[in-house]
Amino acid sequence: MDQIKIGKFIAERRKKLNMTQKELAEKLGVTDRAVSKWETGRCMPDLSLLQPLSRNIKVGVNDLLSGELLSEKELRKKSEENLVTMAKMNYLNSFRHGFWGFYILGIALLIYCLVKDLESSGILALILAYNTAVFYSRCRSGIVNPGYGRCGRDFMEILITIFGAAGTAAGLFHERFLKV
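Residue 29 in numbering that gives the first Met the number 0 sits at position 30 of the sequence shown, and the numbers go up by one each step.
Spelled out as structure tokens, the structure:
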């Protein structure tokens, strides 16, 4: 599925029916900003909105997910592709909810280290390990997609990992070789 193609298709169909973004948004119970994000390809409509959206722009769900009106022959092929893609999207969305647990765990561990007054290299090692685990799990689940958007956040995570490793190495070096 091509988000930009789908977005252009939504905009095209909406304009063909002489609807504004605000009118479409009101019919679907969302904001006009959400419709704008769909039409620019920045995000996809929620799964629960696909059927009402397709009804409002007078196309089938498969046409909507393909970003074009399909012939009967193309419909079978595209419907299978769309079904597989939607299953993958549901799978990835389930991972997003698990990250709150990761973040809460990381904060709890950091507070524990501060309360127990662990040395700085231990805290830096903990931050490094935690950040690396979160970043790795995001990469494995497909949430981080190199080459697409969100580069700033991914870059910051890589930077934190590098500084965490450097800080840990410096702390260990200082303790080991420069003890007075």
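By construction, the Cβ of each residue, glycine as well, lies at the ideal position given by its N, Cα and C atoms.
Predicted model only: the values in this text are computed from it and were never measured.
Host alpha helix (DSSP H) of residue i (start-end)
i	result
serine 35	31-39
asparagine 61	60-65
lysine 57	Unbroken run through lysine 57: none, as it is neither H nor E.
glycine 6	2-15
leucine 23	20-27
Length of the line joining the Cα atoms of residue i and residue j
i	j	result
aspartate 45	isoleucine 9	14 Å
alanine 24	serine 35	9 Å
alanine 33	glutamate 73	29 Å
arginine 175	arginine 41	50 Å
tryptophan 186	serine 65	No statement about residue 186 is possible, as the shown extent of the chain runs from 0 to 179 and does not include it.
asparagine 144	aspartate 31	Interpretation of asparagine 144 is limited by its pLDDT of 48, a score under 50 that renders its predicted location unreliable; the figure taken from the coordinates is listed afterwards. Rounded to whole angstroms, asparagine 144 to aspartate 31 spans 28 Å at the Cα level.
arginine 149	valine 29	Residue placement at arginine 149 is poorly supported in this model, since its pLDDT is 46, which falls under 50; the coordinates are not used for a value here.
isoleucine 103	serine 70	49 Å
methionine 181	alanine 165	Examination of residue 181 is not possible in this model, given that the chain is present from 0 through 179 alone.
valine 60	serine 53	6 Å
Residue i versus the options, residue with shortest Cα-Cα distance
i	options	result
leucine 27	Cys42, Leu16, Leu49 and Asp1	Leu49
leucine 63	Lys4, Thr30, Glu22 and Val29	Lys4
threonine 84	Phe172, Ala168 and Gln2	Gln2
Own chain partners of residue i with C-beta closer than 8 Å, once the 5 adjacent residues on each side are dropped
i	result
leucine 68	Val58 and Asp62
lysine 7	Glu38, Gly40 and Gly66
Chain-order list of residues whose beta-carbon lies under 7 Å from that of residue i (same chain, five-residue window excluded)
i	result
isoleucine 56	Ile9, Arg12, Arg13 and Leu16
Residue i CB to nearest heavy atom of the ligand ZN below 8 Å
i	result
aspartate 1	Among the components modelled here there is no ligand, and therefore nothing to report on the ligand ZN.
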